[in-house]
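Asker: Take this structure, written in structure tokens, and hold onto it; I'll ask about it next.
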Amino acid sequence: MDAEGVTPQEAGTSLVEIAPGTALVFGVPPEGYEVTPLTLVPEADRRAIENAVAQATGVANVAAQGANAAMQAQGLIRLAPETMRALATGANVVKDGSYNLGVLTSQGGKFAAQVRWAPAAGATATSIVAAAGPAIAMAAIQMQLNQISGLVERNLAVTRELLGTVRAEQWSELHGLQRAVSKAVGEAMHVGSASDAVWENISGKEAELEKQRDLFGKLIAGHAEILRATRDHQKRREYLQNSGQALAHDAYSLIVAQNAWFQYQALRASNVRSKVDPDGANGALVERIVAEAREEYDRSVQSLAELLDSVHREVSIIAALPGGRTLPVFGKGSDAKASARIAGQLVAVVESLGANLGGPKEPATMPATACVGDDPLGDHVLPVIGWTMRRGETLEAIARAKELKTGDAIIAVTNQRVLVAKKSDFDKFGQFAHEFANEDVRYLRLHPEPAKSRIDVDVITRDRNLVWEFPQEVVAAGKVLTFLALVQSRISLPERERVTLSAHLPQAVDPPAIETGR
154 MDAEGVTPQE AGTSLVEIAP GTALVFGVPP EGYEVTPLTL VPEADRRAIE NAVAQATGVA
214 NVAAQGANAA MQAQGLIRLA PETMRALATG ANVVKDGSYN LGVLTSQGGK FAAQVRWAPA
274 AGATATSIVA AAGPAIAMAA IQMQLNQISG LVERNLAVTR ELLGTVRAEQ WSELHGLQRA
334 VSKAVGEAMH VGSASDAVWE NISGKEAELE KQRDLFGKLI AGHAEILRAT RDHQKRREYL
394 QNSGQALAHD AYSLIVAQNA WFQYQALRAS NVRSKVDPDG ANGALVERIV AEAREEYDRS
454 VQSLAELLDS VHREVSIIAA LPGGRTLPVF GKGSDAKASA RIAGQLVAVV ESLGANLGGP
514 KEPATMPATA CVGDDPLGDH VLPVIGWTMR RGETLEAIAR AKELKTGDAI IAVTNQRVLV
574 AKKSDFDKFG QFAHEFANED VRYLRLHPEP AKSRIDVDVI TRDRNLVWEF PQEVVAAGKV
634 LTFLALVQSR ISLPERERVT LSAHLPQAVD PPAIETGR
């Protein structure tokens, strides 16, 4: 997307980003996006937002213009990070007063619209938030509230599978609270605010909600601490097999508890905002309630997402290994593939709540530089490497070799690191023996053995010296030198290491010039 050819007259839609990825829509709603109505934002707050937008963009007061459709808030939309990046790229081309101009394409790529937009970090959006703080706070929490309120309906399949593995009484107290708060949300949406009649039914439940958040938060923290401290793959999998059912229950319970707590805070803010506020104290309280609720909620969801992502990867690796492995993480009889699917659904739930795991997880594909000889690697190798890689990491080369002490090895080179696996352990457990970051490569020395038609290589890293032997069949297949050139391109010697050695030189000797980059 770029803004080439966009003119101010053609852009009938204006977007004001009030929080990362959340924008208020003015004018014509863009096709292909679900617009969340400002149900819990009072009419006076809508007018305050519209007036703030008008003033920030140099347009006369909305009230003086009558029904100016271009300045009326239509609702809220969510913008994916890639959409924001694309808009930002195009915005450098054309400006329209206080707005940037760009082309907004729908998620499916079917619709495109020329839009004015003001990013959250820009001066226009900042001045709007400053001028209509409490009103903007209510709009921001409205989007998150709608997102959370639809979660139960969207994830009934996960709920049913997990509910079947625990006793009903473990859920009764938490789900009773969740149902009461959800009912109040529905009533508030229906009447347009959390009136006193709505609020009085749940106003005393904050302590109970905090108790549930604290209970399941501590249980999840315990699981996370054990998994972080357990580096051995076999022991991690034993823990998941013995405690995975409890982990899944605790994770889902924490999601429910956090959602109910956040809904409660949104209703509290709405109730406070509905009061007469002659001195602005209620408005300041609303801003504080919303800011603290969103910060606390986002922190908890992110922490839970990282734990579930780790579990998802672990069970997905087992599911990819040959032999039809079983791993009854989520109840007796469930195999590794079923466990991986449920773990993936839980990850999707927390990502839908705003957790950032670094973008979509892409599967590993066979790189152009592959030195494996005639013996096929096996169907499990690329999936296992894919689940081992971090978000945003890509596989650039793969080779089969022998490593001193490791024996037959698989070596994977990514855009971030080099991973080495003992072939037998990799096939059995899907684990790598060791790894080192690209920037830790210090030197690479070749020892060609023409008589044996093989290539031996010394790889010197920051912490260890490695010896790789590429056998005849791998060398004959080609690309070994390309593979080694790729590893060699990582060579660097940080200034701190050079200075450490140079400090011991006699004063009469100048230290040699050492290239520190690639």
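Residue numbering for the sequence shown follows my numbering, beginning at 154 and increasing consecutively. We put the CB at the ideal spot given by N, CA and C, even for glycine. Everything numeric in this text was worked out from a predicted model, so none of it was measured.
1. Looking only at C-alpha atoms, which of Arg366, Ser463, Gly375 sits nearest to Phe415?
2. Could I get the ranges of all uninterrupted beta strand (DSSP E) runs contained in the segment 534-605, with 3 residues as the minimum, in chain order?
3. With distance defined between alpha-carbon atoms, name the residue in Ser642, Pro182, Thr559, Gln297 nearest to Thr175.
4. Examine the ligand SAH and report whether any of its heavy atoms sits within less than 8 Å of the Cβ of Val169.
5. When we look at the beta-carbon of Leu673 and count the other beta-carbons within 10 Å, is it buried (16 or more) or exposed?
6. For the alpha helix (DSSP H) containing Leu380, name the first residue and the last one.
7. Is the distance from the Cβ of Leu572 to the Cβ of Phe582 below 9 Å?
8. Thinking just about the alpha-carbon of each residue, which of Gln398, Ile644, Arg494 is nearest to the one in Asp593?
9. Which residues mark the beginning and the end of the alpha helix (DSSP H) in which Gln660 is found?
10. Any idea what DSSP makes of Ala472, helix, strand or coil?
11. Alpha carbon to alpha carbon, how far is Gly185 from Thr678? Give it in angstroms, no decimals.
12. Does the distance from the CB of Leu362 to the CB of Ala413 come in under 9 Å?
13. Assign Asn204 to one of two classes, buried (16 or more other C-beta atoms within 10 Å of its C-beta) or exposed (fewer than that).
14. When the distance is taken between beta carbons, is Ile608 closer than 9 Å to Leu597?
15. Cα-Cα, which of His533, Met291, Ala276, Asp527 is closest to Val443?
16. Compare the C-alpha of Gly375 against each of Ala201, Gly476, Ile471, Leu460 and name the closest.
17. Please report how far the alpha carbon of Leu548 lies from the alpha carbon of Val566, in whole angstroms.
18. By DSSP's criteria, Val612 is part of a beta bridge. Which residues make up the other side?
19. What's the C-alpha gap between Lys558 and Leu619?
20. With DSSP run on the structure shown, which of helix, strand or coil describes Thr192?
21. Using C-beta distances below 7 Å, list every residue in its chain close to Val454, excluding the 5 sequence neighbours before and after it, in chain order.
22. Do Pro195 and Gly345 come within 9 Å of each other at the CB atom, strictly closer than that value?
23. In the DSSP assignment, find the alpha helix (DSSP H) that holds Gln225 and state where it starts and stops.
24. Count the other CB atoms within 10 Å of the CB of Thr518; is the residue buried (16 or more) or exposed (fewer)?
25. Using DSSP bridges, identify the partner residues of Thr522.
26. Is Phe636 closer than 9 Å to Ala574 when the C-beta atoms are compared?
27. Give me whichever residues DSSP pairs with Arg607 in a beta bridge.
28. By the three-class DSSP mapping on this structure, what secondary structure does Ala638 have?
29. Output needed for Leu474: all residues of its chain with C-beta closer than 6 Å, excluding positions within five of it in sequence on either side, in chain order.
30. Just the Cα atoms here: how many angstroms apart are Gly228 and Tyr450?
31. Go ahead and pull the three-state DSSP assignment for Val652.
32. So, under 8 Å CB-CB, Pro287 and Arg426 are touching, yes? Tell me the CB distance rounded to an integer number of Å.
33. Three-state secondary structure (DSSP) at Ala172?
34. Since Ala489 and Val468 should fall inside the 8 Å C-beta cutoff, what is the C-beta to C-beta distance between them, to a whole number of angstroms?
35. Hey, quick one: how far does the alpha helix (DSSP H) through Val503 stretch, first residue to last?
36. List, from N- to C-terminal side, the alpha helix (DSSP H) runs of 4 residues or more that fit wholly inside the segment 429-475.
Answerer: By the coordinates alone:
1. Ranked by Cα distance from Phe415, the options Arg366, Ser463, Gly375 are led by Arg366.
2. Within the segment 534-605, the complete beta strand (DSSP E) runs of at least 3 residues fall at 548-556, 560-567, 570-575, 587-590, 594-602.
3. Cα-wise, what sits closest to Thr175 is Gln297.
4. Ligands are entirely absent from the displayed structure, and the ligand SAH is therefore not among its contents.
5. Not covered by the structure: residue 673. The range shown for the chain is 154 to 671.
6. Leu380 -> alpha helix (DSSP H) spans 359-382.
7. Not in contact: Leu572 and Phe582 (Cβ atoms no closer than 9 Å).
8. Taking the Cα of Asp593 as reference, the smallest distance to any Cα among Gln398, Ile644, Arg494 is reached at Ile644.
9. It is not in any alpha helix (DSSP H) - Gln660 carries neither H nor E in the DSSP assignment.
10. The answer is helix: DSSP assigns Ala472 an H, G or I state.
11. Outside the modelled stretch of the chain, which goes from 154 to 671, sits residue 678, for which no answer is possible.
12. Yes, the Cβ-Cβ distance between Leu362 and Ala413 is below 9 Å.
13. Burial call: buried.
14. Taking 9 Å as the Cβ cut-off, Leu597 and Ile608 do not qualify as a contacting pair.
15. In terms of CA proximity to Val443, Met291 leads the group His533, Met291, Ala276, Asp527.
16. For Gly375, the nearest C-alpha among the options comes from Leu460.
17. Between Leu548 and Val566, the C-alpha separation is close to 6 Å.
18. Leu597, Leu619, per the DSSP bridge assignment.
19. Lys558 and Leu619 have their alpha carbons spaced roughly 9 Å apart.
20. Annotated three-state conformation of Thr192 is coil, per DSSP.
21. Taken in chain order, the residues that qualify are Gln411, Val503, Leu506, Gly507, Ala508.
22. Their beta carbons are under 9 Å apart, which means Gly345 touches Pro195 by this criterion.
23. For Gln225, there is no enclosing alpha helix (DSSP H), as DSSP gives it neither H nor E.
24. Counting Cβ neighbours within 10 Å, Thr518 comes out exposed, since fewer than 16 surround it.
25. Bridge partners of Thr522: Ala550.
26. Not in contact: Ala574 and Phe636 (Cβ atoms no closer than 9 Å).
27. Secondary-structure assignment with DSSP links Arg607 through a beta bridge to Glu602.
28. The answer is helix: DSSP assigns Ala638 an H, G or I state.
29. These residues qualify, in order along the chain: His533, Gly583.
30. Their backbone Cα atoms lie some 23 Å apart in a straight line.
31. Of the three classes helix, strand and coil, the one that applies to Val652 here is helix, per DSSP.
32. About 7 Å; that satisfies the 8 Å criterion.
33. Secondary structure of Ala172 (DSSP, three-state): strand.
34. The beta-carbon separation of Ala489 and Val468, rounded to 6 Å, stays under the 8 Å limit for a contact.
35. Counting along the chain, the alpha helix (DSSP H) containing Val503 begins and ends at 489-505.
36. Listed in chain order, the alpha helix (DSSP H) runs fully inside the segment 429-475 are 434-473, counting runs of at least 4 residues.
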